[in-house]
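**Q** Residue numbers (the numbering used here): 3 to 281.
Mind looking over this structure? Questions follow.
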């Protein structure tokens, strides 16, 4: 026997429709597959991956993300965008790029290269420019004002699978790659003990941090590489809606008009240098 289906009374149908609209609208507040509405005050979450790059982004002794870029994103840009920024890391750079490509991250901090541009969406403006540098022994004749015309006679330490300025491999120098989470300290140890001639860094300020936070600060010093600074960006997954990138661009412009990234960076250089040495 067929059971008659009673129509839903008009007021209940309206309420059900309103509730459905609310659920759909709530879902639309997430702007990427990895976003969530569980952030502060129900705001969408932008998951930004980072690798260890003090003073810009690094994990403090308690494992919490900190640094000038972290403060810029979480304290200044996120409120202007109407989102919550969740910093994810530190993650080694090769895995960081893979996770962004696999859409488990929404954004990450990167320099610009033609290869990266095919894989990520870049905003119009970088948030800072990094000055490539070398660490040399304190007894070295290399200085900012007396840089050798050729590096071909040098062995230069660096981190495996990380971006390196094209001038280094083009110089003919032998590159000695270190691996692991303590690769930077390992390179400084090799430099201080005379096993290599220099250590490359993408950023003079980051190299300052590494040296000040090491047991070798009396034996090594940083010098600028005589090349143009490299802009560093917050880059987004290729499928990130253009509206989100535009909101980021507007928030960054607004923030940098009133906030000095350089001042934040200098504050975190001091904080990182004063933190406990790695074991």
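Think of the CB as a built atom: it goes at the ideal place given N, C-alpha and C, for glycine as much as any other residue.
Quantities reported herein were computed from a predicted structural model and do not represent experimental measurements.
Using CA coordinates, which residue listed in 92, 226 and 49 is at the minimum distance from residue 69?
**A** Here residue 69 refers to the residue found at position 67 when the chain shown is read from its first residue. With distances taken between Cα atoms, residue 69 lies closest to 92.
**Q** For residue 82 and residue 174, what's the separation of their Cα atoms in angstroms?
**A** Indexing the chain shown from 1 puts residue 82 at position 80. Indexing the chain shown from 1 puts residue 174 at position 172. The alpha-carbon atoms of residue 82 and residue 174 are separated by roughly 46 Å.
**Q** Residues in its own chain within less than 8 Å of residue 125 by CB, not counting five upstream and five downstream?
**A** For the purposes of this step, residue 125 is identified with residue 123 of the chain shown, where counting begins at 1. For residue 125, where only same-chain residues beyond five positions count, the Cβ hits under 8 Å are 235, 236, 237, 238, 247, 250, 251 and 254.
**Q** When the Cα atoms are used, what is the spatial distance from residue 194 to residue 242?
**A** Here residue 194 refers to the residue found at position 192 when the chain shown is read from its first residue. Here residue 242 refers to the residue found at position 240 when the chain shown is read from its first residue. Going by the C-alpha atoms only, they are around 45 Å apart.
**Q** Which first and last residues belong to the beta strand (DSSP E) in which residue 226 is found?
**A** Residue 226 sits at position 224 when you count from the first residue of the chain shown. That run of the beta strand (DSSP E) goes 222-226.
**Q** Given residue 76, which residues of its chain have a CB within under 6 Å of its CB, disregarding the five upstream and five downstream residues?
**A** Reading the chain shown from its first residue, position 74 is the one you call residue 76. Hits under 6 Å: 87.
**Q** Whose C-alpha, out of 85, 46 and 89, is nearest the C-alpha of residue 54?
**A** Walking along the chain shown from the start, residue 54 turns up at place 52. The shortest C-alpha separation from residue 54 is found at 89.
**Q** CB-CB under 7 Å to residue 95, same chain, minus the five flanking residues each way: which ones, in chain order?
**A** By 1-based counting over the chain shown, the position of residue 95 is 93. Cβ neighbours of residue 95 beyond the five flanking positions: 53, 163 and 164.
**Q** Assuming residue 202 and residue 166 are in contact, meaning their beta carbons sit under 8 Å apart, how far apart are those beta carbons, in whole angstroms?
**A** Position 200 of the chain shown, counting from 1, holds the residue named residue 202. Position 164 of the chain shown, counting from 1, holds the residue named residue 166. Indeed they touch by this definition, with Cβ atoms about 6 Å apart.
**Q** Whole angstroms are fine: how far does the CA of residue 45 sit from the CA of residue 180?
**A** Taking the chain shown and counting its residues from 1, the one referred to as residue 180 is at position 178. Taking the chain shown and counting its residues from 1, the one referred to as residue 45 is at position 43. Near 41 Å, if we compare the C-alpha coordinates of residue 45 and residue 180.
**Q** Do you know offhand how far residue 267's Cα is from residue 273's?
**A** Locating residue 267 in the chain shown gives position 265, where the first residue counts as 1. Locating residue 273 in the chain shown gives position 271, where the first residue counts as 1. Computed Cα separation, rounded: 10 Å.
**Q** Do residue 225 and residue 136 have their C-beta atoms within less than 8 Å of each other?
**A** Numbered from its first residue, the chain shown carries residue 225 at position 223. Numbered from its first residue, the chain shown carries residue 136 at position 134. Yes.
**Q** Would you identify the three-state DSSP class for residue 202, choosing helix, strand or coil?
**A** Along the chain shown, one-based indexing puts residue 202 at 200. DSSP places residue 202 in strand when its eight states are reduced to three.
**Q** Based on DSSP bridge pairs, tell me the residues matched to residue 118.
**A** Translated into the one-based positions of the chain shown, residue 118 becomes position 116. Looking at the DSSP assignment, residue 118 forms no beta bridge with any residue, so it has no partner.
**Q** Under the three-state reduction of DSSP, which class applies to residue 301: helix, strand or coil?
**A** As displayed, the chain neither begins before 3 nor continues past 281, which places residue 301 out of reach and without an answer.
**Q** Thinking just about the alpha-carbon of each residue, which of 223, 214, 51 and 131 is nearest to the one in residue 141?
**A** Residue 141 sits at position 139 when you count from the first residue of the chain shown. Nearest of 223, 214, 51 and 131 to residue 141, Cα basis: 223.
**Q** How many whole angstroms separate the CB atoms of residue 118 and residue 111, which I take to be in contact at a CB cut-off of 8 Å?
**A** Position 116 of the chain shown, counting from 1, holds the residue named residue 118. Position 109 of the chain shown, counting from 1, holds the residue named residue 111. Not confirmed; about 11 Å, so no contact.
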